[in-house]
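Colleague: Numbering (my numbering), first residue to last: 6 to 361.
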């Protein structure tokens, strides 16, 4: 009887609840209005001949490198950040190695690490859900080969300071330290300038959030040229599709679109925070395009009541340390008008239940 590897048999499974997503999508941290009109125009111009060719990744990597202010050898375009995580694990992990993952965080770090047979060491954040820097530092040892940190983090929205990240980089020079900056556009701070200083630093960027290209599956891994040369060895030369590559330049060039959407999200974040504060709801300060709030026993009713009003939000009760929590993606001004009206109606109607 054919059997999968032991690591595959034992690894966790991830099944995103993607079916039946009708209405205002505030559940997956996507761009809530879609991509730049310039991207759509480029899509309409793609020819049959372009579709018949194998995709060429290098021109896109030069474009991204110029955008980020690094060399093309320091950039690897990937099939979303998911592939970047997968490639790092494939490049650096084997049996008996250890991976450090502060939790709660993006679940795919653990899943891709488990595929290799490496041991996953999770470091639980305290009740404030801030980055547990002391716990991460104390977990580092000679077997540590990968450390995965999302900043801003998902599902908390909290950003890790540069000082704390540098502490980790210095404490684990023998490990690949991934800083996932998927929500950079809503935060504005990056470790990209430190790439040349710390050889063990890898930074991930995505086009699935602010750029509105989640369906394209386009991401970028930035690191030292020597290390990325090794990562390229385990990557497919054609994993990034040609349509995404053809549209990349237009997505980057439309700065006005990106600036306007990001500004509306930051404004909406503040508006939701004020509503939650006014109603005495516990929430975590976010630097991303979402807010995590704790509703306790009212959680299930809240999610269902919002869905009946045509608004999807995400139940995060199963995340470590997030019992009773719900995550809400932030949208445009008009979408926030709709959200805040519905939130007030639902929360005012559930005052008799626990929000703590």
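Where a beta carbon is used, it is the ideal one built from N, C-alpha and C, also for glycine. A quick note: this is a predicted structure, and the numbers were derived from the prediction, not measured.
At which residue ranges does the region 174–258 contain complete beta strand (DSSP E) runs of 3 or more residues, listed in the order of the chain?
Modeller: Segments of the beta strand (DSSP E) lying fully in the region 174–258: 181–185, 206–211, 224–227.
Colleague: Checking the sheet assignment: what are the DSSP bridge partners for residue 124?
Modeller: Paired residue(s): 103.
Colleague: On the three-state DSSP scale, how would you describe residue 135?
Modeller: Residue state, collapsed to three classes: coil.
Colleague: Kindly indicate which residue of 31, 121, 63 has the alpha-carbon position closest to the one of residue 4.
Modeller: A query on residue 4 cannot be resolved here, the shown segment of the chain reaching from 6 to 361 and no further.
Colleague: Helix, strand or coil, according to DSSP, for residue 296 in the structure here?
Modeller: Residue state, collapsed to three classes: strand.
Colleague: Can you give me the C-alpha to C-alpha distance between residue 91 and residue 117, rounded to a whole angstrom?
Modeller: So the alpha carbons of these two residues sit roughly 5 angstroms apart.
Colleague: Please state whether DSSP places residue 62 in a helix, a strand or coil.
Modeller: In the structure shown, residue 62 sits in coil (DSSP, three-state: anything other than H, G, I, E or B).
Colleague: When DSSP builds the beta bridges, which residues end up paired with residue 319?
Modeller: Its beta-bridge partners are 332.
Colleague: Less than 8 angstroms between the CB atoms is what I'm expecting for residue 154 and residue 107, so what's the real figure, rounded?
Modeller: Between residue 107 and residue 154 the Cβ distance is about 6 angstroms, and since that is below 8 angstroms, they are a contact.
Colleague: Can you tell me whether residue 17 is helix, strand or coil according to DSSP?
Modeller: Residue 17: coil per DSSP, three-state reduction.
Colleague: What's the gap between the Cα of residue 132 and the Cα of residue 59?
Modeller: For residue 132 and residue 59, the distance between alpha carbons rounds to 49 angstroms.
Colleague: Tell me whether residue 114 is buried or exposed, calling it buried when 16 or more other Cβ atoms sit within 10 Å of its Cβ.
Modeller: It counts as buried.
Colleague: Is the distance from the Cβ of residue 40 to the Cβ of residue 207 below 8 angstroms?
Modeller: In this structure, residue 207 does not lie closer than 8 angstroms to residue 40 by Cβ.
Colleague: Assuming contact is defined by CB atoms lying nearer than 8 angstroms, are residue 104 and residue 123 in contact in what I supplied?
Modeller: In this structure, residue 123 lies closer than 8 angstroms to residue 104 by Cβ.
Colleague: With DSSP as the reference, please indicate the residues paired to residue 30 in a beta bridge.
Modeller: For residue 30, which the question treats as bridged, DSSP gives the partners 317.
Colleague: Starting from residue 2, trace the beta strand (DSSP E) both ways and give me its first and last residue.
Modeller: Missing from the structure shown is residue 2; the chain here goes from 6 to 361 and no further.
Colleague: Going by C-alpha distance, which of 313, 81, 51, 297 is nearest residue 65?
Modeller: Of the candidates 313, 81, 51, 297, the one whose C-alpha sits nearest the C-alpha of residue 65 is 81.
Colleague: Just tell me which of 312, 189, 345, 339 has its CA closest to the CA of residue 26.
Modeller: That would be 312, whose Cα lies nearest to the Cα of residue 26.
Colleague: From residue 224 to residue 287, what distance separates their C-alpha atoms?
Modeller: Between residue 224 and residue 287, the C-alpha separation is close to 33 angstroms.
Colleague: The beta strand (DSSP E) with residue 81 in it runs from where to where?
Modeller: Where residue 81 is concerned, the enclosing beta strand (DSSP E) stretches over 80–83.
Colleague: Beta carbon of residue 196, beta carbon of residue 170: below 8 angstroms?
Modeller: Contact: yes.
Colleague: Could you tell me the distance, in whole angstroms, from the CA atom of residue 339 to the CA atom of residue 6?
Modeller: Each residue's Cα considered, the two are about 57 angstroms apart.
Colleague: Ignore the nearest five residues each way along the sequence and tell me which others in residue 180's own chain have a CB closer than 7 angstroms to its CB.
Modeller: Once the five neighbours on either side are set aside, the close Cβ partners of residue 180 are 149, 150, 151, 152, 205.
Colleague: Measure the Cβ-Cβ separation of residue 278 and residue 296 and say whether it is below 8 angstroms.
Modeller: For residue 278 and residue 296, yes; Cβs fall inside 8 angstroms.
Colleague: I need the boundaries of the alpha helix (DSSP H) containing residue 75, first residue and last residue.
Modeller: Looking at the DSSP string, residue 75 is not in any alpha helix (DSSP H), and its letter there is neither H nor E.
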